[in-house]
Amino acid sequence: MTSAHLSQVKDIYNHYIKHTHINFETNPYNDDYMLEWFEQFDHSGRYHAYVAVENEQVFGFALSQKFRPKPAYSTSIEVTFYLTEAAAGKGLGKKLGHHLLGNLKHQDINRAYAAIALPNAASVGLHKSLGFIEAALLSQVGRKFDKFYDVAYLEYQFS
Ligand SMILES: CC(C)(COP(=O)(O)OP(=O)(O)OC[C@H]1O[C@@H](n2cnc3c(N)ncnc32)[C@H](O)[C@@H]1OP(=O)(O)O)[C@@H](O)C(=O)NCCC(=O)NCCS
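So for the sequence shown, our numbering puts the first residue at 2; every next one is plus one.
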């Protein structure tokens, strides 16, 4: 991902923010936010951002981000995958997942987590097919559109 992709990445995020429970953000992202957000990624470290692009159109993205701020958590990361609705269900998520995990395996990372607001069969299916296992279930941990949602944490064990 480069800064040239941020506008399309924002549009993909905002679709799910505005219309679904999948992302617990309630306000759409704007361009200033995206620029600041992009500063967290450093491909020589633990935090990576990749896009799936064809003819300059972004069809999806894969991220590794800080799991929690306190330093002892730094060997854990949180991963995130988003595709356009049209690109979903055709194997692209799995391709991005293998690419992301492959590029992270030489880093000093012990666990990757995915936080999945339920229901989300595609995300659970993707992570399980990448080798993630169930780690925790937080019941009714978030409320969006006046409804409570559970979040499943799935973990990937690098070693
Ligand atoms: C979640 C997402 C990234 C998955 O990527 P995808 O390209 O749709 O998934 P793939 O086609 O690569 O499928 C990967 C695996 O999940 C399974 N899967 C995909 N969609 C599924 C569905 N709707 N129900 C059940 N399993 C599903 C596939 O069968 C495959 O398993 P297999 O390898 O054992 O055959 C994509 O659907 C998406 O962007 N959804 C909306 C945003 C989102 O939910 N992001 C995750 C936030 S936690």
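Where a beta carbon is used, it is the ideal one built from N, C-alpha and C, also for glycine.
By the neighbour-count definition (other C-beta atoms within 10 Å, threshold 16), Val-142 is an exposed residue. By the criterion of a C-beta distance shorter than 7 Å, Phe-68 is surrounded in its chain by Tyr-74, Ser-77, Ile-78, Glu-79, Tyr-114, once the five residues flanking it on both sides are discounted.
Counting along the chain, the unbroken alpha helix (DSSP H) around Ala-123 starts and ends at 122 to 130. Non-local C-beta neighbours of His-100 in its own chain, meaning closer than 8 Å and more than five positions away in sequence, comprise Tyr-51, Ala-63, ordered along the chain.
In this structure, Leu-36 sits away from Gly-61, with a CB-CB distance that is not shorter than 8 Å.
Checking the 7 Å criterion, the Cβ of Leu-155 is out of range of every heavy atom belonging to ligand 1. If only uninterrupted beta strand (DSSP E) runs of at least 3 residues are considered, those enclosed by the segment 40 to 76 are 50 to 55, 58 to 67.
With a cut-off of 7 Å, the C-beta of Gly-92 is classified as near ligand 1, since at least one heavy atom of the ligand falls inside that distance.
Taking the Cα of Tyr-150 as reference, the smallest distance to any Cα among Lys-106, Ser-140, Leu-105 is reached at Ser-140. Excluding residues up to 5 positions away in sequence, Ala-123 lie with their Cβ nearer than 7 Å to the Cβ of Ala-89 in the same chain.
Counted as a single uninterrupted DSSP element, the stretch harbouring Asp-147 is not any beta strand (DSSP E), since DSSP gives it neither H nor E. Within the same chain, and ignoring the five residues on either side of Phe-133 in sequence, the residues whose Cβ sits closer than 7 Å to its Cβ are Ala-115, Leu-155, Glu-156, Tyr-157. The secondary-structure analysis by DSSP pairs Leu-138 across a beta bridge with Ala-153. With contacts defined as CB atoms closer than 8 Å, Phe-82 and Leu-102 fail to qualify as a contacting pair.
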